[in-house]
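Note that the protein sequences, when read in sequence, are chains A and B.
Going by the working numbering, the first sequence runs without a break in its numbering and finishes at 397.
Going by the working numbering, the second sequence runs without a break in its numbering and finishes at 744.
Please read the structure below before turning to the comments.
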Amino acid sequence: MHQQKTNKTVSGKRASAKGVVTSSRVKIKKESMDMGFLVSVMLLLIVGLIMVFSASYPTAYYKTGNGFSVIGKQLLWAVLGVGAMLFTSTFNYNNYKKFIGVILGGCVLLLVAVLVIGNEVNGAKRWLGYGGASFQPSEAAKIGIIIYLAYSMSNIKDKIKQFKYLVRYAVVLGGFMLLLLLEPHFSVCIIIGLTAVIMMLAAGARIRYFALAAAPVAFAGWMIAIFEPYRLKRLTIFWDPFKDRLGAGWQIIQSLYAIGSGGLFGVGFGNSRQKFMYVSEPQNDFIFAIVCEELGLIGALAILALFGFMIYRGIKIAMNAPDTFSCLLVTGIVSLVGVQAVLNIAVVTSSIPTTGIPLPFFSAGGSSLVFLMAAMGMVLNVSKYKRQPKA
Amino acid sequence: MGMEKPKRKLQIRILVIFVVFASLLSGLGIRIAYLQIIDGPKLQREALEQQTRDNVVASRRGTIYDRNGKVLAQSSTVETVTANPNEIRNSKKDADKIAEQLGAVLEMDASEIKKLLDKNTNHVTIKRKIDVELANKVRELELYGIYLQEDSKRYYPYGTFASHVIGFTGDDNQGLAGIEMVYDEQLKGVPGRVISLKNALDTDMPFQQEKYIDAQNGTNIVLTIDEVIQHFAEKHLENVFREEKVQQGAAAIVMDVETGEVLAMTTKPDFDLNNPFELVDEGEKQRVEAITNEQERATEKMNALYKMWRNKAVVDSYEPGSCFKIMTAAMALEEDIVTINTPFFCPGYKVVADRRIACANRNGHGTQNFKEGVQNSCNPVFIEVGQLVGADLFKKYYKAFGFTDITGFDLPGEAKGVFYGDNNFGIMELSTTAFGQGPKITPLQLISAVSAIANGGNLLKPFLVKELVDDEGNTLKSTEPKVVRQVISKETSDMMCSLLENVVMNGSGQNAYIKGFRLAGKTGTSEKIPRGNGKYVSSFIGFAPANDPKVACLVMLDEASNGEYYGGRIAAPVVGKIMEDILRYMKIEPQYTEEEKENLDVYVPDVKGKSTAAAKKDITAQNLTYTIVGNGETVKDQMPKAGSNMTAKSTVIVYTEENSGNLVSVPDVLNLSLTEVQARLMANKLNLNVSSAGATGSTSQRTIAIRQDPLPGTQMEAGSIVKVEFRFLDVD
């Protein structure tokens, strides 16, 4: 950990002979990347791949006759993802500041492009590109927005406490969300929204302004409940999915059956029965149900712990980050993973209404894994630059 | 310093974020634990329910045996063809082709199969219970979505035999009647299961994890029925049922008087157990089929079937008539109200409460003692005896003999009978009940009560199931004879045996007489209600041997319509014939009286090739006479042939020259007395054989020939034997 590497310039300052950079009063030391974070990421990736294989096999088998078709692609994406991580982990995070306009503009361009030339799947235009080489611009947008917010908030510093800056971000975010809702891709809006709120709170935004924003949200919910009661029904079915077994409750009941079948030790790896077309998208949004079924409570808790550990290491990196930008960047990325993991598992366990949120590292779906791994690389890159406690 | 402060705050806020995430993840961990540990078993059970396909493996239904191990009902393995139409549709296989191929093998209309395959379901039955050979042909077709399920089919090797007792099963092998119904639980066993996993598309998983739970075969049942005795009862009852054109059915029961075991039980008309839903009676069948309204026809058919399936011996109650006098006599003797010598007088009627009740003998039996009163089945005697016993005591015995309760027999629908209420049993009711008119009882109640009278006084619970046996032959449960109560003493029982033997020897039961077997019994004829409609129930109940009763037999004919209706004339001979067959089969040694020995039928000795002198000696030794034809020294031929059976003192024609085959014509002997028949046959150079029952050897003018074989006018070789059946007319 403490082995020192080649000297590099940080924050535009010259590196001293010992690899220690002094920026006004804080010493910044360049080290090797955070191994704890790296190990937890790699473990999640490997366990995720194994579970994708197990969960996807039946569906792949019945649909294409080849049980390996999903895991094959996923492995390829994982290799690309590791490559992306390696790249971003060595790509100095300060460079993102220089390209902030390109990044933000690129994201908007992609989100507009997908509305125009995107592939329509199940009534939604979310994919750009062709066949196996396609990706979701929303994945790029998540990272792009995090970089933008980290950059912008590190610039305005304490002004974040002012309401007008929050309004500014709300307008920017609202623009992005509008584009996403046009696809439509509601669940990404939730993820981006929550991640952004966490970042703003971390940066020092006053919590009462968000409470203020809660009122119109509640009003909108109330209106929906009155004018489109079927939406309310879909929204509330998670309380008791068994009251509409064959209708709205079906999907979530199948997930609960899978989890319940697992018991303490699980039915054993590869032995899930619920993955045989009972659980919808067993390799995707509901993969965690299959994990619970096959690996039991022990396995499920181990994976939760792994996520927890990863977040812990990430938070630690953020706390020791050399500057506000990198701190907020890491906080944003770790929160992104945390929000998705918590929401996904909450959906699978019928703790919140069902929305299509993938489980990071686990859910099959190529492009998201590459962007996720790239973001992990960014965290690792930041972890190389640590604020040294004052001597 | 300006940079440090906000940094520090930032760090704290980030730490709070971590704590929030950690709490959320912990909360989800608890949620998962709750789902997996607390809700787990319930969720798992429901999940398994949808994930598994549960196929039933039929258990083999138990076999029904007679008391000697002969199979009366057995199940054989067959298969049922089913299909999964959804599976065929989903796989986009050619349903038309499948239907066509299947139709060709099963000899079914392909379009009909196609109709079944077009249904939106996962299961249809195409054809039930095909034999294994045909099933294998279906298997060879290897058709997609077509399945064969093991099933079993009930087979009754004797067809109509004991049909009302054995009962039958339905399409799903469930017992619908008789023993099959009552012992359905034991017979059917526990079906096995094959549990296999299926996916949400309702097809099999690629890896098959099948779990087999073996079927438990049903228990085998050994009945008290003796196939041979049942056969005797059925044969003779069937004959009388046809000859006397019995309209409302006939029943016969044979019971072991020492145990209460039912050795035979039959109701006519019977039906084919292998085809129980087919109406046997042609008239009924045509009547039902003529009904145009479909629903009405179905209802009528069901009614007709239920009538056909009715086990008269157990389900129908009737007025027993004079057969009931047995009980009246027994209670009077038991209570020392009469002795066999108590004198009575019969003027041909008896006045009870201003009503004149007639005796069967309108001229009156005159002065007679109790024994003769029983012998004559004299109504006035029994009215008097009944009145002497008194209403209370009479009722007590009536109940003690079991006539107010069901016997608890092993067959369904047992009737309890009909008796007077406590306040309705006045002098008139008492008087008529004493000779068997008024209350109604079932044949089973009657034979149980009479068995008690025969066996020393113990009323036994009649039963039909001897043992429950497993496939290895181990007895799981066996029925022990159960004494319900002692009704009369051994002395009274012995007295009743001799009184009833006298009825058969010298009285109204003579037509049941069998030489040497000491049958005791009583006739019964009761006019059905409304009185005066000319419809009667004719019955006879007997048991033998009178000095050590073993077997009782009851025959009951409901509405004989061929002219005769007296139980003594038409039911008694049937009991005689059944009992003769049974007693010979049971190897019960005949006990002949001196008089019987004199008149015993004899076997013709083989004298062919012997010297004339030796032949004469042999023939005389057999209590026969001879006529020699020719002057030869050795016998060349004889008539009748050696081994033939004929009445004592008949004549054997011995040929010492070529037998010219000289033919004689059989004379008409009907309505002649025994003496007259013998004389007429002798005059025609023919010999006599008195066929079985009803031949007391009485030379009375009231015993006449009613049947002869061969018929009058038939040409027979001189010396041949003519079989003649006699009937005693002074009976009721």
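The beta carbon of each residue, even a glycine, is placed where N, CA and C say it ideally should be.
Keep in mind that this is a model prediction, so the values were computed, not measured.
Can you list the residues of chain B that residue i reaches, using a CB-CB cut of under 8 Å?
| i | result |
| --- | --- |
| PHE398 of chain A | A query on residue 398 of chain A cannot be resolved here, the shown segment of chain A reaching from 7 to 397 and no further. |
| TYR318 of chain A | PHE30, ALA34 |
| VAL348 of chain A | PHE33, LEU36, LEU37, LEU40 |
Report the rounded CA-to-CA distance for residue i versus residue j, giving the unit in angstroms.
| i | j | result |
| --- | --- | --- |
| GLU306 of chain B | SER71 of chain B | 36 Å |
| GLY378 of chain B | ARG596 of chain B | 39 Å |
| LEU37 of chain B | ARG20 of chain B | 26 Å |
| ARG367 of chain B | LEU442 of chain B | 13 Å |
| GLY111 of chain A | LEU185 of chain A | 13 Å |
| SER103 of chain B | ASN96 of chain B | 11 Å |
| VAL118 of chain A | TRP133 of chain A | 12 Å |
| PHE552 of chain B | TYR577 of chain B | 12 Å |
| PHE9 of chain B | GLY344 of chain A | With chain B represented from 13 up to 744, any question about residue 9 of chain B goes unanswered, as that position is not in the structure. |
| ILE293 of chain A | GLU61 of chain B | 22 Å |
| ILE149 of chain A | ILE339 of chain A | 7 Å |
| VAL587 of chain B | GLU250 of chain B | 12 Å |
| ILE123 of chain A | PHE141 of chain A | 13 Å |
| PRO332 of chain B | ALA325 of chain B | 13 Å |
| GLY268 of chain A | LEU40 of chain B | 16 Å |
| LEU675 of chain B | GLY521 of chain B | 39 Å |
| PHE740 of chain B | ILE716 of chain B | 6 Å |
| VAL68 of chain B | ILE225 of chain B | 9 Å |
| ALA306 of chain A | LEU207 of chain A | 30 Å |
| ASN350 of chain A | ASP184 of chain B | 51 Å |
| ARG530 of chain B | PHE244 of chain B | 19 Å |
What is the residue span of the alpha helix (DSSP H) that residue i lies within?
| i | result |
| --- | --- |
| MET183 of chain A | 169–188 |
| LEU511 of chain B | 502–518 |
| ILE304 of chain A | 293–325 |
| ILE459 of chain B | 455–466 |
| SER267 of chain A | 256–268 |
| VAL114 of chain A | 106–123 |
| TYR224 of chain B | Unbroken run through TYR224 of chain B is the beta strand (DSSP E), 223–225; no alpha helix (DSSP H). |
| GLN449 of chain B | No alpha helix (DSSP H) contains GLN449 of chain B, which DSSP labels as neither H nor E. |
| LEU36 of chain B | 16–45 |
Go to residue i, then tell me how far its beta strand (DSSP E) extends in each direction, as first and last residue.
| i | result |
| --- | --- |
| GLY554 of chain B | 548–556 |
| LYS105 of chain B | Looking at the DSSP string, LYS105 of chain B is not in any beta strand (DSSP E), and its letter there is neither H nor E. |
| GLY204 of chain B | 204–209 |
| ILE151 of chain A | That residue, ILE151 of chain A, is in no beta strand (DSSP E); its alpha helix (DSSP H) goes 143–162. |
| PRO355 of chain B | 355–358 |
| ARG739 of chain B | 733–740 |
| SER332 of chain A | Here SER332 of chain A belongs to no beta strand (DSSP E); instead the alpha helix (DSSP H) covers 330–354. |
Just checking my contact of residue i with residue j at CB under 8 Å: how many whole Å lie between their CB atoms?
| i | j | result |
| --- | --- | --- |
| TYR102 of chain A | ILE153 of chain A | 5 Å |
| PHE421 of chain B | PHE475 of chain B | 7 Å |
| GLY87 of chain A | MET379 of chain A | 3 Å |
| VAL736 of chain B | VAL689 of chain B | 6 Å |
Would you call residue i buried or exposed, if buried means 16 or more other Cβ atoms sit within 10 Å of its Cβ?
| i | result |
| --- | --- |
| GLU91 of chain B | buried |
| GLN457 of chain B | buried |
| LEU82 of chain A | exposed |
| GLU669 of chain B | exposed |
| GLY253 of chain A | exposed |
Under 8 Å between beta-carbons, which chain A residues line up against residue i? List them in chain order, please.
| i | result |
| --- | --- |
| ILE49 of chain B | GLY269, LEU270, LEU303 |
| ILE26 of chain B | ALA208, ILE321, ALA324, MET325, CYS333, THR337 |
| LEU55 of chain B | LEU262, TYR263, ILE265, GLY266, SER267 |
List the residues of chain B whose Cβ lies closer than 9 Å to the Cβ of residue i, in chain order.
| i | result |
| --- | --- |
| SER357 of chain A | GLY39, LEU40, ARG43 |
Does the CB of residue i have a neighbour CB from chain E at under 8 Å?
| i | result |
| --- | --- |
| ILE100 of chain B | In the displayed structure, chain E is absent; the protein chains listed are A and B. |
Which residues of chain A have a Cβ atom closer than 7 Å to the Cβ of residue i, listed in chain order?
| i | result |
| --- | --- |
| GLY52 of chain B | GLY266, GLY269 |
| GLU58 of chain B | TYR263 |
| GLN23 of chain B | MET325 |
Which residues in chain B have a C-beta closer than 7 Å to the C-beta of residue i? List them in chain order.
| i | result |
| --- | --- |
| VAL203 of chain A | By Cβ distance, chain B contributes nothing, its closest Cβ being about 11 Å from VAL203 of chain A, past 7 Å. |
| GLN280 of chain A | ALA59 |
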